[in-house]
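There are 2 protein chains.
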Amino acid sequence: MSLKHAILAVLSHGDRTGYDLVHKMDGSVANFWPASHQQVYLELKKLDELGFVQYREKEQKSRPDKKVYKITKTGIGELKSWAEEPLVIATPKDELMIKIFAGHLLEPKHLANELHRVRELHQSKLDEYLAIEKTRFQGKLTPDRLAQYLTLRRGILFEKSWIEWCNESLKRL
Amino acid sequence: MSLKHAILAVLSHGDRTGYDLVHKMDGSVANFWPASHQQVYLELKKLDELGFVQYREKEQKSRPDKKVYKITKTGIGELKSWAEEPLVIATPKDELMIKIFAGHLLEPKHLANELHRVRELHQSKLDEYLAIEKTRFQGKLTPDRLAQYLTLRRGILFEKSWIEWCNESLKRL
DNA sequence: CGCCCCATGTAAGCAGTTACATGATTAC
DNA sequence: GTAATCATGTAACTGCTTACATGGGGCG
């Protein structure tokens, strides 16, 4: 399971609340390991029981209290030994490809409209990533920032490959 | 859920046994919706109960008997109306990106070795796809074959984007 | 007055994985 | 003889989704 390790990886870059983990993650883990708030709070609880994280309650006036989570030494150890294991590549699931595979049953026009729409969605995601690259990853990077940048670059190349595929597919239809 | 529809999509291209669905799917659905044999047999059972597929038992000498599944008219209807719904893009889960995100905790050399290894895995997948393209998708294609070809092209562009990412990441490390 | 943001949780159910189970034939 | 291929299933468990639940503050 990887949500546990995704959370530990984020916490290795700095302390966060459950709410932060779910939301403020632009250009970060949310783009390659999405999770609902329910799932995140559940995993934080488990990680706490395992001793991989600790939290301190922080009272706030005019806002609900919150729990700020911090990764422990044991947590860092666990994350490191997990990250060192050789990766087994999992083929990603892709619903659109199933629809395309069934595309011979549909109106070509309907399919083309859908491809246009999907292309625009990927284009705006790409624009978003490029903006982050421009504003937040210029010049020399520390190892910590480089790790984050590499994941952003993956997002950029991924979105580009989608846009390219949409374009060539539209030509072939 | 999509495994049901993945199976229906394959059956819309021709009759198959459960065994076929799990195995002989090179350049097909297995590359974007992998499933274990247990899962496939279970879904076939459910699809049968729903009336979306039918099977005839086929006795074989010197081989175990098998069930050849065929999509029904109701099944085609279900597949079509599902495929016509606008797609909601799901961000794919990617374990490697979590490891990269935690990369600042690892030896740079270890990370580089891992990236080399991953690149080779994607390269061989790409070679496989390119071979299929060359041998099986030359010349003018029927709508049915075109649908299959587009999914293959997606695989090709996907693997290329991985190789490119590995190369640029290795330079940055 | 209603909607969005902040902030955290429980419970039921479904999709998918891992483990267990069987058995004949063919190829080396 | 032993490994791989063909062929189909059940049972237990885990990860994740969907639905339900609460409640104050700020903004228009």
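Protein sequence lines correspond, in order, to chains B and P. Just so it is clear: in the first sequence, position 53 is 35 by this note's numbering, and no numbers are missing. Just so it is clear: in the second sequence, position 77 is 59 by this note's numbering, and no numbers are missing. No residue lacks a Cβ here, since even glycine has one placed at the ideal position from N, Cα and C.
*In or out: B:H5 buried (at least 16 other Cβ within 10 Å) or exposed?*
With fewer than 16 other Cβ atoms within 10 Å, it is exposed.
*Ends of the alpha helix (DSSP H) at P:V100?*
That run of the alpha helix (DSSP H) goes 90 to 118.
*Give the range of the beta strand (DSSP E) segment to which B:K43 is assigned.*
Taken as a continuous stretch (DSSP letters only), B:K43 belongs to no beta strand (DSSP E), as it is neither H nor E.
*Using DSSP with H/G/I as helix, E/B as strand and the rest coil, what is B:I82?*
Reduced to three states, the DSSP call for B:I82 is helix.
*For the stretch 103 to 113 of chain P against the stretch 138 to 147 of chain P, are there 3 or more C-beta pairs whose distance is under 8 Å?*
Contact holds: three or more Cβ-Cβ distances are below 8 Å.
*Under 9 Å Cβ-Cβ, which residues of chain B neighbour P:S44?*
Ordered by position in chain B, no residue passes the 9 Å Cβ test against P:S44, which lies about 33 Å from the chain.
*Can you name the residues of chain B whose CB is closer than 7 Å to the CB of P:N13?*
Against P:N13, the close residues of chain B are T73, in the order they occur along the chain (beta-carbon pairs closer than 7 Å).
*List the residues of chain P that B:K62 touches, going by C-beta distances under 8 Å, in chain order.*
Near B:K62 (Cβ distances below 8 Å), the residues of chain P are A84, L87, L88.
*Using a Cβ cut-off of 7 Å, pull out every chain B residue sitting near P:L78, in sequence order please.*
The answer, in chain order, is L69.
*How would you list, in chain order, the residues of chain B whose beta-carbon sits under 9 Å from the beta-carbon of P:R154?*
Think of a sphere of 9 Å around the beta carbon of P:R154: the chain B residues whose beta carbon falls inside it are L123, L128, Y131, L132, R135, in chain order.
*P:A72 and B:A84 closer than 9 Å at C-beta*: Note that the C-beta distance between P:A72 and B:A84 is not below 9 Å.
*Identify whether B:K160 lies in helix, strand or coil by the three-state DSSP scheme.*
With chain B represented from -17 up to 155, any question about residue 160 of chain B goes unanswered, as that position is not in the structure.
*asked:* Rounded to the nearest angstrom, what separates B:Q36 and B:T56 at their Cα positions?
replied: Going from the Cα of B:Q36 to the Cα of B:T56 covers about 11 Å.
_Spatial distance of B:N13 from B:Q130 (CA atoms)_ = Looking at the two C-alpha atoms, the distance is approximately 12 Å.
*Under the three-state reduction of DSSP, which class applies to B:T133: helix, strand or coil?*
DSSP places B:T133 in helix when its eight states are reduced to three.
_Can you list, in chain order, the residues of its chain with a C-beta nearer than 6 Å to that of P:G0? Leave out the 5 residues immediately preceding and following it._
V22, Y23, L26.
*Report yes if the CB atom of P:L87 is closer than 9 Å to the CB atom of B:L132, and no otherwise.*
No, they are not a contact pair.
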